[in-house]
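Notes to accompany the following structure.
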């Protein structure tokens, strides 16, 4: 057998060292971790979307209860102590106005009468539900529960529901007007 | 024993191997083991992420179905008259008793009637997608009230974990703790818990609950 001629080129190629290989692997890992991060941000977005749709169902369900009530029965109970407390979150909302608030409900258990309550959503999580009932005039300015100024129709009761949760970046809001016409 | 030629060749080969500073077998094995560990952990993360994505997608579809069904039901019931809760054999149930279905009459002026008086029956039946779940079907007829086994069933909700989603509360008989409020229209209590993996699943059930106002009913 004849010995192979020793080429200078082959001697010059010194291959990769273990350190170089490790660095390459770390770079690869960083790249793959970026892909994993995309999954986790998708999970967070899905979680938030579930919360929003659950909060909307809580509000829908509560508004439906108002639709079943008689006009005269749509009112808040703001004087029953602990369960009717209006905290700064409640009074700080844009829907709140002490001057036009509809009060006069005496029930402490009927959920349509409570300004602030905690509801369990369809996802099993807790949601804070704030209910605002205010007299509102479609035209004219509010004078009394039976007047919006001369020649204008009577005020309507405007129900605003605000559902809050720590994971929601902004609360879910729902609003509906109720008139005194029979059957409404 | 060795011939002089072979001994010379062997020495030459060793010399060449020493001169070329490539991988040793040990280095290659170490790097491959490290790479394997990293890849295995990443692969397990990706596999579990993919599984949970599929699961989340299925659950989202089930929830979406329940919400869509509830929206349609609400729209129909707001306009319907003569709403009653029934069991699977079609008998009307007392207030506060949960039933498998409802019967209703939808007048011709309603959006879901199709222009003429429609008799509508909603009923649950065993789900064809998951053996321990239930599905909600809607049957219609312009001639007479359909039964739970009538033909022409249209499925609206699947993966229900209860076979009795409907209940009509009175002021004294509650449905899941919900009484009919004073001076209120009658309300149909609808509870549609959906779970892709059946009632015994450890994954949280999505519990769609609503009290639908029956606007053509008489006030309490």
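Protein chains in written order, with the numbering used here: chain D, 2 to 185; chain V, 287 to 506.
A virtual CB, placed ideally from N, CA and C, is assigned to each residue, including glycine.
It should be emphasised that the depicted structure is a prediction, and the values quoted were computed from it without experimental measurement.
From the DSSP output, in three-state form, read off residue 68 (chain D) for me.
Position 67 of the first chain, counted from the start, is the residue given in the question as residue 68 (chain D). Reduced to three states, the DSSP call for residue 68 (chain D) is helix.
Is any beta-carbon of chain D found at less than 8 angstroms from that of residue 445 (chain V)?
Within the second chain, residue 445 (chain V) is the residue found at index 159, counting from 1. Taking Cβ atoms only, chain D never reaches closer than 8 angstroms to residue 445 (chain V), which makes this a no.
Partners in chain D for residue 505 (chain V), counting only beta-carbon separations shorter than 8 angstroms:
Residue numbering aside, residue 505 (chain V) sits at position 219 when the second chain is read from its first letter. Listed by position along chain D, the residues whose Cβ is nearer than 8 angstroms to that of residue 505 (chain V) are 71.
Assigned secondary structure, residue 400 (chain V) (DSSP; H/G/I helix, E/B strand, else coil):
If you number the second chain from 1, residue 400 (chain V) lands on position 114. DSSP places residue 400 (chain V) in coil when its eight states are reduced to three.
With a threshold of 8 angstroms between beta-carbons, can residue 131 (chain D) be considered close to chain V, or not?
Here residue 131 (chain D) corresponds to residue number 130 of the first chain, with the count starting at 1. No, because no Cβ of chain V sits closer than 8 angstroms to the Cβ of residue 131 (chain D).
When DSSP labels each residue in this structure, what does residue 470 (chain V) get in the three-state scheme?
As a first step, residue 470 (chain V) must be located in the second chain, where it is residue number 184. It is a strand residue.
Closest to residue 160 (chain D) by C-alpha separation, out of D:102, D:167, D:141, D:108, would be which residue?
Within the first chain, the letter at position 159 stands for residue 160 (chain D). When each option's Cα is compared against that of residue 160 (chain D), the closest is D:102.
Option in D:126, D:177, D:145 with minimal Cα separation from residue 133 (chain D)
In the first chain, residue 133 (chain D) corresponds to position 132, counting from 1. Per the C-alpha coordinates, the member of D:126, D:177, D:145 positioned closest to residue 133 (chain D) is D:177.
Neighbour list for residue 30 (chain D) in chain V, Cβ cutoff strictly below 8 angstroms
Indexing the first chain from 1 puts residue 30 (chain D) at position 29. Here the neighbours are 324, 328.
Where the alpha helix (DSSP H) containing residue 91 (chain D) begins and where it ends
For the purposes of this step, residue 91 (chain D) is taken as residue 90 along the first chain, with counting starting at 1. Taken as a continuous stretch (DSSP letters only), the alpha helix (DSSP H) holding residue 91 (chain D) covers 89-92.
Inter-stretch contact (C-beta, 8 angstroms, three-pair minimum) for the region 75-88 of chain D and the region 354-372 of chain V
By the Cβ rule, the region 75-88 of chain D does not count as touching the region 354-372 of chain V, because fewer than three pairs are nearer than 8 angstroms.
In chain order, each beta strand (DSSP E) run of at least 3 residues that lies wholly inside the region 337-400 of chain V
Counting only runs of 3 or more, we get 367-372, 387-392.
For residue 424 (chain V), list the residues DSSP reports as bridge partners.
Translated into the one-based positions of the second chain, residue 424 (chain V) becomes position 138. DSSP lists V:408, V:440 as partners of residue 424 (chain V).
Measure how close the beta-carbons of residue 320 (chain V) and residue 26 (chain D) come, nearest whole angstrom, since I'm counting them as under 8 angstroms.
As a working mapping, residue 320 (chain V) is identified with position 34 in the second chain. As a working mapping, residue 26 (chain D) is identified with position 25 in the first chain. A Cβ-Cβ separation of about 7 angstroms places residue 320 (chain V) in contact with residue 26 (chain D) under the 8 angstroms criterion.
Taking residue 137 (chain D) as part of the beta strand (DSSP E), name the residues at either end of that continuous run.
As a working mapping, residue 137 (chain D) is identified with position 136 in the first chain. Residue 137 (chain D): member of the beta strand (DSSP E) spanning 127-137, first to last residue.
Residues that residue 111 (chain D) contacts on chain V, provided the C-beta gap is smaller than 8 angstroms:
Counting from one through the first chain, the residue named residue 111 (chain D) turns up at place 110. Within chain V, the residues near residue 111 (chain D) are 467.
Is residue 419 (chain V) close to chain D? Criterion is C-beta to C-beta, closer than 8 angstroms.
Sequence index remark: in the second chain, residue 419 (chain V) carries index 133 (1-based). No, residue 419 (chain V) does not count as interfacial toward chain D.
Touch check for the region 440-455 of chain V and the region 331-342 of chain V: three-plus C-beta pairs under 8 angstroms?
Judged by Cβ distances under 8 angstroms, the region 440-455 of chain V makes no contact with the region 331-342 of chain V, as fewer than three pairs qualify.
Listing by chain order, which chain V residues have their CB less than 8 angstroms from the CB of residue 37 (chain D)?
Here residue 37 (chain D) refers to the residue found at position 36 of the first chain. Residues of chain V passing the Cβ test: 328, 331, 332, 335.
Determine, for residue 287 (chain V), whether the minimum Cβ-Cβ distance to residues of chain D falls below 8 angstroms.
In the second chain, counting from the first residue as 1, residue 287 (chain V) sits at position 1. Only weak support is given to the placement of residue 287 (chain V): the predicted model assigns it a pLDDT of 46, under 50, and the value that follows is read from those uncertain coordinates. It does not; no Cβ of chain D falls within 8 angstroms.
Measure from the alpha carbon of residue 91 (chain D) to the alpha carbon of each residue in D:60, D:72, D:117, D:105, then state which is nearest.
Locating residue 91 (chain D) in the first chain gives position 90, counting from the first residue. Closest in C-alpha terms to residue 91 (chain D), from the list D:60, D:72, D:117, D:105, comes D:117.
Just to confirm, are residue 140 (chain D) and residue 156 (chain D) a CB contact at a threshold of 8 angstroms?
To locate residue 140 (chain D), count along the first chain from 1; it is residue 139. To locate residue 156 (chain D), count along the first chain from 1; it is residue 155. Contact: no.
If residue 63 (chain D) sits next to residue 505 (chain V), beta carbons under 8 angstroms apart, how far is it from one beta carbon to the other, in whole angstroms?
Taking the first chain and counting its residues from 1, one reaches residue 63 (chain D) at position 62. Taking the second chain and counting its residues from 1, one reaches residue 505 (chain V) at position 219. The Cβ separation is near 20 angstroms, so there is no contact.
CA-to-CA distance, residue 406 (chain V) to residue 433 (chain V), given in whole angstroms:
On the second chain, position 147 is the one that residue 433 (chain V) refers to. On the second chain, position 120 is the one that residue 406 (chain V) refers to. Going by the C-alpha atoms only, they are around 9 angstroms apart.
Endpoints, the beta strand (DSSP E) within which residue 179 (chain D) is located
Position 178 of the first chain, counted from the first residue, corresponds to residue 179 (chain D). Note, residue 179 (chain D): beta strand (DSSP E), 173-179.
Range of the contiguous beta strand (DSSP E) that encloses residue 500 (chain V)
The residue you call residue 500 (chain V) lines up with position 214 of the second chain. Per DSSP, residue 500 (chain V) lies in no beta strand (DSSP E) and is assigned neither H nor E.
Would you tell me roughly how many angstroms separate the C-alpha atoms of residue 348 (chain V) and residue 481 (chain V), rounded to the nearest one?
Working through the second chain from its first residue, we reach residue 348 (chain V) at position 62. Working through the second chain from its first residue, we reach residue 481 (chain V) at position 195. Residue 348 (chain V) and residue 481 (chain V) have their C-alpha atoms spaced approximately 7 angstroms apart.
Rounded to whole angstroms, what is the Cα-Cα separation between residue 359 (chain V) and residue 429 (chain V)?
If you number the second chain from 1, residue 359 (chain V) lands on position 73. If you number the second chain from 1, residue 429 (chain V) lands on position 143. Looking at the two C-alpha atoms, the distance is approximately 21 angstroms.
With distance defined between alpha-carbon atoms, name the residue in D:61, D:23, D:36 nearest to residue 318 (chain V).
Within the second chain, the letter at position 32 stands for residue 318 (chain V). It is D:23.
Which residue marks the beginning of the beta strand (DSSP E) containing residue 162 (chain D), and which one marks its end?
Sequence index remark: in the first chain, residue 162 (chain D) carries index 161 (1-based). Residue 162 (chain D) -> beta strand (DSSP E) spans 157-165.
Assuming residue 310 (chain V) is part of the beta strand (DSSP E), what are its boundary residues?
Start at 1 with the first residue of the second chain, and residue 310 (chain V) comes out as number 24. Taken as a continuous stretch (DSSP letters only), residue 310 (chain V) belongs to no beta strand (DSSP E), as it is neither H nor E.
Is residue 115 (chain D) closer than 8 angstroms to residue 85 (chain D) when the C-beta atoms are compared?
Indexing the first chain from 1 puts residue 85 (chain D) at position 84. Indexing the first chain from 1 puts residue 115 (chain D) at position 114. Yes, these two residues count as a Cβ contact at 8 angstroms.
So for residue 85 (chain D), helix, strand or coil by DSSP?
The residue you call residue 85 (chain D) lines up with position 84 of the first chain. Residue 85 (chain D) carries a helical assignment under DSSP once its states are collapsed to helix, strand and coil.
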